[in-house]
Structures are given as structure tokens and as C-alpha cells.
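In our numbering, the protein residues as written are 7 to 747.
Glycine residues also receive a C-beta, built at the ideal position from the N, C-alpha and C atoms.
Note that this is a predicted model, so its numbers are computed, not measured.
Below is one structure, written out as C-alpha cells; the observations come after it.
This is the structure:
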């Protein structure tokens, strides 16, 4: 089903599941895959309301990662992992990669852990194992060009450490499931026979690994129902492939396509504005989204002199609407392209006493004190988890210092064993340790052994209380009366509350009654697979939401403000020379527009600070693409003859007496020569561009290179252009010609 924004695709999936159950299809034969736990819960609740019996508890419904984690735990022997394997989050993975880089004695300035983590993630999403990575010339060649020739070795070492620690990262949950099915046809056949009906939500967001697993599972019955919208495919940076939904008809020749084209969310003006924008994309499945709601207000286009003024205007409009229409603060959202834009918008909200919350900021389970406590839990569930041991071996402080840990790590690496094994005989493995240090290590090991024995006979809540008492964590914060200490103590208390809720509600949340797991392992898996939307707290609900557009997908608000719609910001500067990336940026703007139910405001600033310099900003080309019949320039911000930006200048039109754009009259354009590249313009080799050079750009003219950042092929240049101000350009796409070295 091709489902436009706000067309009720979740409802359609829900009713299909309810219909299958009403036809006496066993619930365990239905597999429904989503991208958030919140979406899975909503679907399950709706199905329960439609179906009278209790069969819904046997549905295999959840996120890709949670369902595949469940399969991997069931088939752990074939997958060659412990049944209680740990799921590493981003911080855990980055920490382990740092350790690998140190052990391989490589330069962290060259082999940046965050960059390597993204590279390894990309490989796994393409189902490239460490073994096949090293044999792929295009990948190895790209690493050599980026001056990171040891990437394959780091990937292999990282994967080996994860396996030895009985741990998987998020990407492993996908790749290991694929490998399990590929290498064990009998297991694949079992799940193919079981899952006679497969339903997939947000199919346009699937990556290659998810696509291939779905293909594996659906190969026997071919009974698959996917719902998605190619116009909302915005996650290519995570590996999502729009081709998966565009080529569905080729993958499943007996397909039937149903188009859900009615938008039940937004006013006509919002829907028509969004349609006029997305029609500029060439790679799309044709559809005409419509709404039978009221015409509504035009989409506002607001110009501000500076980004600070833009924030002030948005905050003022929120406050005015809140007071005049008695709107709740939770009805408002401010959307932006990058996280960095939130600072100015936050300040504007604070100055006008508007309560707000930021999506994408540090989550509860990423706070240090929470991760420290969770590390204790993880060791008790999976004793091989060396990352957790490193985290808490000296927390609270036990006098086990950095030098001791380096020696323990070296011994574990040399003997190819885990840290817990080293701790069982520290003198034997590390003879240079003094007696005092050995005693400290033995006390830590004794604590872990006692807690492990205790964990076998109690539930997660009782175990959690025992851990924070016996480890010394409770005493550490109970008597710390500083604001920071009180906050940490309260956070740990909230964690214990959450575990108690988990234990109390466990039976209601079971996916399958045969897999009861009221212990700590189940709790750890639940929190490891949470998303931002799953972690909303009640106290955050009646607040204005601030978030990137990527975070807003799947959400809806009565009043939407889209800030910073400017060239080189939205679309971002790196997409300007790639038709594929530019189309994704346009889809991103489409997503932003279609979050709105009642009113949408689009704003841009004529000047904005970047790297401490105030530079000129041009309105985004996307504003030019909006049909003028459905938009209006905010009264009081423009002269009588209003202007809309074009690629090379402005579209000019005079408003009628109502203040709106003329209905069907075309907007006359100022006569300007289109921008063309200079004749015989030949750019120089990007590798030759250095700081201090005077250069020429075919669009921005002459300028001076202020700074070079990064490594090939992703080297960036900060350039000040005489006529266009300061720009940041990706050199491999920039087309620069050296005028003066």
C-alpha cells in the first residue's frame, strides 16, 4: 500500500491483522514489523479493541530489532551466541572501538572512533562481514584513499571482541539474523512456515539488511503486505534505500498496489502546498494526496533579519496562539534541519517563559549514573561483557587505577580470554600486580560472584535493590547533597521505579507466553531497544517540542514552525551537487510540512552566525517551489510588493486586498539571466586545494580558503567569497579553480 502522509496507514495495518484473526488465522503465524516500539504498542492496542479474545498476546509484533533479537535468543546455539547476549548501544560500541584502536597502536586522530563506527555500521547494513570486507577492493580502496588503510583490521578486531564478549550491536541484530537464515536452511524453513502473513510498516525506511531478511522470510508463501510512502524516505544516512519500495513490484510480480491518498490530518492548504513541493521529485510513485478538511490558513513564509530575530518571531507566535486560541503547548513543534539550530530557538523560548522539551538530547538511559548501574546488571546477565567490567571495576572508587586496567586488558588480549577470567587469577596472568591491588581485584570479583548467585532466585526489582546497596552506589549518592548528587540519586531511584513497573507489568507485556522472562535480561533488552519516542515522560507532555525533522517523522502537531529554510542549510550544502541527495532533502521538507494539522509557518533568516562570523543567507530553493496559491508572506515583514526567492533572484507579486496571493494568476518573474558556468571553466584537483589560496567557484565567484578540515575523500574547505560570504564546501564536489596559490 502506498500511503500518503496522514492517510491512516497504521489503521489499515491494524484492520488487516484484525481481519486475519477473525478468519481464524493463528496469531503466531502473523509477523508485523515496525520501526518504533510506540507504533507496535499502538497497533497491538487497536487490534485488542477489535478482537475480543486474548490471542493478540501471541502476535509476533514489534520493531525489526526486537523481533530479530527474540529469534536470535531462541536460536542462540546456531547463531553461536549466549542466550543472554548483551546489546551494545552507540556509546558501548564507540568505547570498544577506542579500545581496539589503542590495542592496535593506531592514531586516534586518524582513526576517529565515531567515523569508524559509521563505516562499520554501513558495512553491516550491506551485509558485509569482516571477512568479506577485506576482500572487497572498492571498500579497501576507499579506506586507502581516506588514509585509513587499517579499517578492515579494526572491523575484524571489533567484531571478534563483540563475539568474545557475547555482545551484539544494533546492526548485528540484523546481520546475524540474515546469516542465521542463510547458513541454516532448516531454521529459515521453520520461520518461513510459521510466518504465513508478513506485514511491514514504513517500508520505505528499510535498509538492505532488513530488505534481504524480509525476502528470506517471504520466499515460501509470498504473502506480504507492506505500507509506506516513497515521498517520506528520508533516512539514507542510516542505510535506508528508497529503491526497496520503488522496486517492490519487481520483487513480487504478483503484487497488488493500493493507494491511500486521502489525508485525514491536515487542512487543504497544507496538503496542496506539500503536493506542489514533492511534485518536483522525479523518483516517486505518482499519487495525488487530498484532504476534505477545511481550506485552512495559507502556509506562512516568514523572513527574519537574523537567526535571533527568527527565534523571537517563532516564540512570539507560539505565545500569541497559545493565549488567543487557548492552545496547549504540546500542540506546537519547532522543526529544524540540524541539532545545532536548537540553541537560538531554546533561548527564544526561555526568554518568553515557554516550556519546551528537546528530542534527541541525552536520554534517561544514556546518563552516566544510569549506565553505571546498568553495567552491573549486564555483568550479572552476561559475565563475558568486558565493556561493562571496564566501566564499573572502579565504580564506586576501589583504588583500581588506569595502569592496572591497562595491564588487565593487555593480559586478556594476549591470552584471548575475558576480563572476568583474568580476575579469577590476577597474579597468574599479571605477575607485576602488587598484593594490595590483587586484594582489591579479588574483592570486586567476590562482589560479582555474590550478586550473580543472588540473581538466580529473585526478580529484576529485588536484584536491582541488592546491586545498588552492595556495590556502594546508594551510599555514594545518598550523602551527596550537592545539586548534581541529588539529581543523580533521584535518577537512580527512577531507574528502580522503572524496574518495579517492568516486573509488575511483565505478564501483560509478554509477546509469547512460552517465553516468560521476568528477570533482568528481559528488562535490559527492553531498554536497549528503546527509541526517543518510547522514552517520553508525562512531565514532558505539555511542552513545545523542539526537534530535527528526522525525529518528527510519524508525529503530528496542530501548529508547526519550520526554521532555517535557507540555502546551504536546507537543503544542506553537501546535497547541492547530487540530484539523489537533493531529492531526499526535498522529501525531508515534505515530511516537515505534512506534520502540520492546522497551521504551518516556514521561516528563514537573511543573516546567520557560522563559526563566529555573521554571514548572509539566501532563502531556500524549496520555498520557490511552493505553489503561491497556497502560501502567504507574513504581514508586517515585507513591503507591499512581496518577494519570493528563486534560484537566481526573487519571484515578485503584488498581494490582493485580502492580503493573499492571487488565486490563479501566474506570478511574474524579474528578468534575470540564469546562472551559467563560465566558459572553459576547469576545476583543479580537490587534493591541491590548501588554506590561504585564492580560488574561483563557478557559482560563488572568487574567494579565499580560510581552512581545510577532514581527510580525503571527505575534505572540507571553509571559504570566504567576496560576493557570497563564508561557505563550507565538500571539496570532492566543490569544483574550485586555483587563482593564486
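Subject >> Outcome for residue 330 when other beta-carbon atoms lying within 10 angstroms are tallied against a minimum of 16 >> reply: Here residue 330 is taken as the residue at index 324 of the chain shown, counted from 1. Exposed, because fewer than 16 other Cβ atoms sit within 10 Å of the Cβ of residue 330.
Original post:
Under the three-state reduction of DSSP, which class applies to residue 353: helix, strand or coil?
Top reply: On the chain shown, position 347 is the one that residue 353 refers to. The answer is helix: DSSP assigns residue 353 an H, G or I state.
Original post:
For residue 745, is the classification buried or exposed, using 16 other Cβ atoms within 10 angstroms of its Cβ as the cut-off for buried?
Top reply: Here residue 745 refers to the residue found at position 739 of the chain shown. So residue 745 counts as exposed.
Subject >> Pairwise C-alpha distance: residue 229 and residue 288 >> reply: Counted from its first residue, the chain shown places residue 288 at position 282. Counted from its first residue, the chain shown places residue 229 at position 223. About 30 Å.
**OP:** Indicate the three-state DSSP secondary structure (helix, strand or coil) for residue 123 in the structure shown.
**Re:** Taking the first residue of the chain shown as 1, we reach residue 123 at position 117. In the structure shown, residue 123 sits in a helix (DSSP, three-state: H, G or I).
Original post:
In terms of residues, what are the limits of the alpha helix (DSSP H) holding residue 461?
Top reply: For the purposes of this step, residue 461 is identified with residue 455 of the chain shown, where counting begins at 1. It spans 441-461 - the alpha helix (DSSP H) in which residue 461 sits, taken as one unbroken run.
**OP:** Give, in chain order, every unbroken run of the alpha helix (DSSP H) that is at least 4 residues long and sits entirely within the stretch 369-409.
**Re:** 374-387, 392-398
**OP:** State buried or exposed for residue 253, treating a residue as buried only when at least 16 other CB atoms are found within 10 Å of its CB.
**Re:** To locate residue 253, count along the chain shown from 1; it is residue 247. Exposed, by the Cβ-count rule.
Original post:
Contact between the stretch 370-382 and the stretch 442-452: three or more CB pairs below 8 Å?
Top reply: no
**OP:** Count the other CB atoms, across all protein chains shown, that sit within 10 Å of the CB of residue 12; report buried if there are 16 or more and exposed otherwise.
**Re:** Translated into positions along the chain shown, residue 12 becomes position 6. Buried: at least 16 other Cβ atoms inside 10 Å.
**OP:** Name the residue from 131, 389, 574, 501 whose alpha carbon lies nearest to the alpha carbon of residue 344.
**Re:** Counted from its first residue, the chain shown places residue 344 at position 338. When each option's Cα is compared against that of residue 344, the closest is 574.
Subject >> Completely contained beta strand (DSSP E) runs for the stretch 161-249, where each covers 3 or more residues >> reply: 173-175, 203-206, 230-232
Original post:
Any contact of the stretch 314-321 with the stretch 623-630, i.e. 3+ C-beta pairs under 8 Å?
Top reply: no
Subject >> Nearest-angstrom Cα separation, counted from residue 244 out to residue 128 >> reply: The residue labelled residue 128 in the question sits at position 122 within the chain shown. The residue labelled residue 244 in the question sits at position 238 within the chain shown. If I take the Cα positions, the gap works out to 8 Å.
Original post:
How about residue 310 and residue 609: are their beta carbons less than 8 Å apart?
Top reply: Residue numbering aside, residue 310 sits at position 304 when the chain shown is read from its first letter. Residue numbering aside, residue 609 sits at position 603 when the chain shown is read from its first letter. Closer than 8 Å, so yes.
**OP:** Using three-state DSSP, classify residue 703 as helix, strand or coil.
**Re:** The residue labelled residue 703 in the question sits at position 697 within the chain shown. The answer is strand: DSSP assigns residue 703 an E or B state.
**OP:** Could you tell me which of 400, 483, 578 sits nearest to residue 446, measuring between CA atoms?
**Re:** Translated into positions along the chain shown, residue 446 becomes position 440. The option with the nearest alpha carbon to residue 446 is 400.
Original post:
From this set, 65, 225, 237, which residue's C-alpha is nearest residue 208's C-alpha?
Top reply: Taking the chain shown and counting its residues from 1, one reaches residue 208 at position 202. That would be 237, whose Cα lies nearest to the Cα of residue 208.
Original post:
Between residue 187 and the rest of its own chain, which residues show a CB-CB distance below 8 Å, the 5 nearest in sequence each way excluded?
Top reply: Indexing the chain shown from 1 puts residue 187 at position 181. 193, 194, 197, 219, 222, 223.
Subject >> Where residue 503 falls: helix, strand or coil (DSSP) >> reply: To locate residue 503, count along the chain shown from 1; it is residue 497. It is helical.
Subject >> Neighbour-count burial assignment, residue 654, 16 or more Cβ in a 10 Å radius >> reply: Indexing the chain shown from 1 puts residue 654 at position 648. Note that residue 654 has pLDDT 34, beneath the 50 cutoff, so the model's placement of it is unreliable and the number below is only indicative. Burial call: exposed.
Original post:
According to the Cβ coordinates, are residue 473 and residue 383 closer than 8 Å?
Top reply: Locating residue 473 in the chain shown gives position 467, counting from the first residue. Locating residue 383 in the chain shown gives position 377, counting from the first residue. Against a cut-off of 8 Å, the Cβ pair of residue 383 and residue 473 comes out as a contact.
**OP:** Closer than 8 Å by C-beta to residue 260: which residues in its own chain qualify, once you throw out the five before and the five after it? Chain order, please.
**Re:** Locating residue 260 in the chain shown gives position 254, counting from the first residue. Same-chain partners within the cutoff: 228.
Original post:
Do residue 709 and the ligand NAD come close, with the Cβ less than 7 Å from some heavy atom?
Top reply: Among the ligands in the structure shown, none appear at all, so the ligand NAD cannot be discussed.
Original post:
Can you give the Cα-Cα distance for residue 53 and residue 29, rounded to whole angstroms?
Top reply: Residue mapping note: residue 53 aligns to position 47 of the chain shown, counting from 1. Residue mapping note: residue 29 aligns to position 23 of the chain shown, counting from 1. Computed Cα separation, rounded: 14 Å.
**OP:** Within its chain, find whatever has a CB closer than 6 Å to the CB of residue 526; leave out the 5 residues flanking it on each side and keep chain order.
**Re:** Translated into positions along the chain shown, residue 526 becomes position 520. Once the five neighbours on either side are set aside, the close Cβ partners of residue 526 are 383, 387, 466, 469.
Original post:
Do the CB positions of residue 172 and residue 96 come within less than 8 Å of each other?
Top reply: The residue you call residue 172 lines up with position 166 of the chain shown. The residue you call residue 96 lines up with position 90 of the chain shown. No.
Subject >> Same chain only: Cβ atoms within 8 Å of residue 177, ignoring 5 sequence neighbours per side >> reply: By 1-based counting over the chain shown, the position of residue 177 is 171. Cβ neighbours of residue 177 beyond the five flanking positions: 126, 127, 130, 131, 215.
**OP:** Please state whether DSSP places residue 629 in a helix, a strand or coil.
**Re:** Locating residue 629 in the chain shown gives position 623, counting from the first residue. In the structure shown, residue 629 sits in a helix (DSSP, three-state: H, G or I).
Original post:
Going by DSSP, what residues sit across from residue 713 in a beta bridge?
Top reply: As a position in the chain shown, residue 713 is number 707, starting the count at 1. Looking at the DSSP assignment, residue 713 forms a beta bridge with 724.
Subject >> Beta-carbon proximity check, residue 304 vs residue 565, cutoff 8 Å >> reply: Translated into the one-based positions of the chain shown, residue 304 becomes position 298. Translated into the one-based positions of the chain shown, residue 565 becomes position 559. Not a contact, by the Cβ cut-off of 8 Å.
Subject >> Residue interval of the alpha helix (DSSP H) (run including residue 3) >> reply: Nothing can be reported for residue 3: it is not among the residues displayed for the chain, which extend from 7 to 747.
Subject >> Strand pairing of residue 708, partner residues [DSSP] >> reply: For the purposes of this step, residue 708 is taken as residue 702 along the chain shown, with counting starting at 1. Answer is 702.
**OP:** Work out the CA separation of residue 634 and residue 306 for me, nearest whole Å.
**Re:** Here residue 306 is taken as the residue at index 300 of the chain shown, counted from 1. Here residue 634 is taken as the residue at index 628 of the chain shown, counted from 1. Spanning the two alpha carbons is a distance of roughly 11 Å.
**OP:** Determine the burial state of residue 688: buried for a count of at least 16 other Cβ atoms within 10 Å of its Cβ, exposed for fewer.
**Re:** Within the chain shown, the letter at position 682 stands for residue 688. With fewer than 16 other Cβ atoms within 10 Å, it is exposed.
Subject >> Residue range of the unbroken alpha helix (DSSP H) whose run includes residue 145 >> reply: Numbered from 1 along the chain shown, position 139 holds the residue referred to as residue 145. Residue 145 -> alpha helix (DSSP H) spans 143-151.
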